[in-house]
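In our numbering, the protein residues as written are 228 to 562.
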């Protein structure tokens, strides 16, 4: 009897030990964070060190903040820009100081009225945002993705999707100019949706500028120096292989993980993981990935750093109402 009791006790302890170390079941691969009211085309995203998301909208003049770590995330207004403007690219220049581009947009062609593209800084170091007008870009109608020049607190690079070029902008002085261009950055046809945007999303890491070309369906990189100047040829890492969508499929903005894998928001319903060697893994979801426009990894906890936040541009209904615009979360540990 004593032997049997001891055997049962050991069996129970073994079961409890097994239960204690069993990992919890994974959550969903994709989950919705926040959906905006109609006619808010969510274009781009940055993430603050406190884990809060900053979201730009091409169709409204408001910079939004969403805290994805709370039980019921909601969008709050960070700043309202001049009437008639919509917001395009956003990047962090230095801790909690962000650069944003606004303009008066033709949404069908994704072009701004010449002379309206304006570069701003948004300083969130205190409880009240401090917004400063840096310069107006008089020579461009399409500044898209933004990225800081590595090692600089003043220089940013901006992708001109219409000209097929990269601008360098000095935030301290307001000076700007095209720093380099390449045929691989150019649009295919400026009048046809899906072919009208060349170089789109950009990121800098090390001494490389990584880029996605929507029209030419490339993801690649180009070496740069500490002044943001091109120092070697453009290198193509991958080509978009997805077929489908009313206007085809296009790479858009993206983010890079610690292993230099790119996670590319891809129209119409995809995120594409691209390894440094060009191998692609396609995530498709027709319910939660709705014309993805940009992506950014979370910041803060380990869970946040492994979460990719993807913005959705949304869909047009038959009466041209834009719906289902917002942001979703992708658990990259399941990919």
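Think of the CB as a built atom: it goes at the ideal place given N, C-alpha and C, for glycine as much as any other residue. Model, not experiment: these values are computed from the prediction.
Simplified DSSP state of residue 196, which is helix, strand or coil:
For residue 196 there is no data in the structure shown, the boundaries of the chain being 228 and 562.
How many Å lie between residue 333 and residue 313 at the Cα?
10 Å
Rounded distance between the beta-carbons of residue 464 and residue 448, thought under 8 Å:
6 Å
Determine the burial state of residue 426: buried for a count of at least 16 other Cβ atoms within 10 Å of its Cβ, exposed for fewer.
buried
In whole angstroms, give me the CA-to-CA distance for residue 330 and residue 372.
14 Å
Expected contact under 8 Å - CB spacing of residue 300 and residue 261 to nearest Å:
5 Å
Residue 556 and residue 538 closer than 7 Å at C-beta:
no
Residue 377 at chain C interface by Cβ criterion, 7 Å:
Within the model displayed, chain C is absent; a lone protein chain is all it includes.
Buried or exposed by the 16-neighbour rule on C-beta atoms within 10 Å, applied to residue 355:
exposed
Length of the line joining the Cα atoms of residue 259 and residue 553
8 Å
Cβ of residue 526 within 7 Å of Cβ of residue 278?
yes
Per-residue burial, residue 359 [other beta carbons within 10 Å of its own, 16 or more giving buried]
exposed
Give the DSSP-derived three-state secondary structure of residue 454 in the structure shown.
coil
Assign residue 533 to one of three DSSP states: helix, strand, or coil.
coil
Taking the straight line between their C-alpha atoms, what separation do you get for residue 367 and residue 390?
8 Å
Beta-carbon proximity of residue 566 to residue 395, cut-off 7 Å
With the chain covering only 228 through 562, there is no way to say anything about residue 566.
Starting from residue 521 and walking both ways along the beta strand (DSSP E), at which residues does that stretch end?
519 to 524
Sorted by chain position, which residues of the same chain lie with C-beta nearer than 7 Å to residue 232's C-beta, five sequence neighbours on each side aside?
A caution first: residue 232 carries a pLDDT of 49, below 50, which makes its placement in the model too unreliable to give a value.
When the Cα atoms are used, what is the spatial distance from residue 481 to residue 350?
24 Å
How close, in whole Å, do the beta carbons of residue 409 and residue 461 come, if the pair is a contact with beta carbons under 8 Å?
5 Å
Along the beta strand (DSSP E) that carries residue 554, what are the first and last residues, could you check?
553 to 558
Where residue 426 sits in the DSSP three-state scheme:
strand
Best match in 477, 514 and 503 for proximity to residue 521 [C-alpha to C-alpha]
477
Under 6 Å Cβ to Cβ from residue 487, same chain only, skipping five residues before and after it: list those, please.
503
Member of 466, 428, 456 and 451 whose CA lies at the smallest distance from the CA of residue 582:
Residue numbering for the chain in the displayed model covers 228 to 562; residue 582 lies beyond these limits and cannot be assessed.
What are the boundary residues of the beta strand (DSSP E) that residue 343 is part of?
First-last for residue 343: undefined, no H or E at that position.
Length at least 3, wholly inside the region 253 to 334: the beta strand (DSSP E) runs in chain order:
257 to 262, 269 to 274, 280 to 284, 289 to 293, 302 to 307, 313 to 321 and 324 to 330
Sorted by chain position, which residues of the same chain lie with C-beta nearer than 6 Å to residue 308's C-beta, five sequence neighbours on each side aside?
288 and 329
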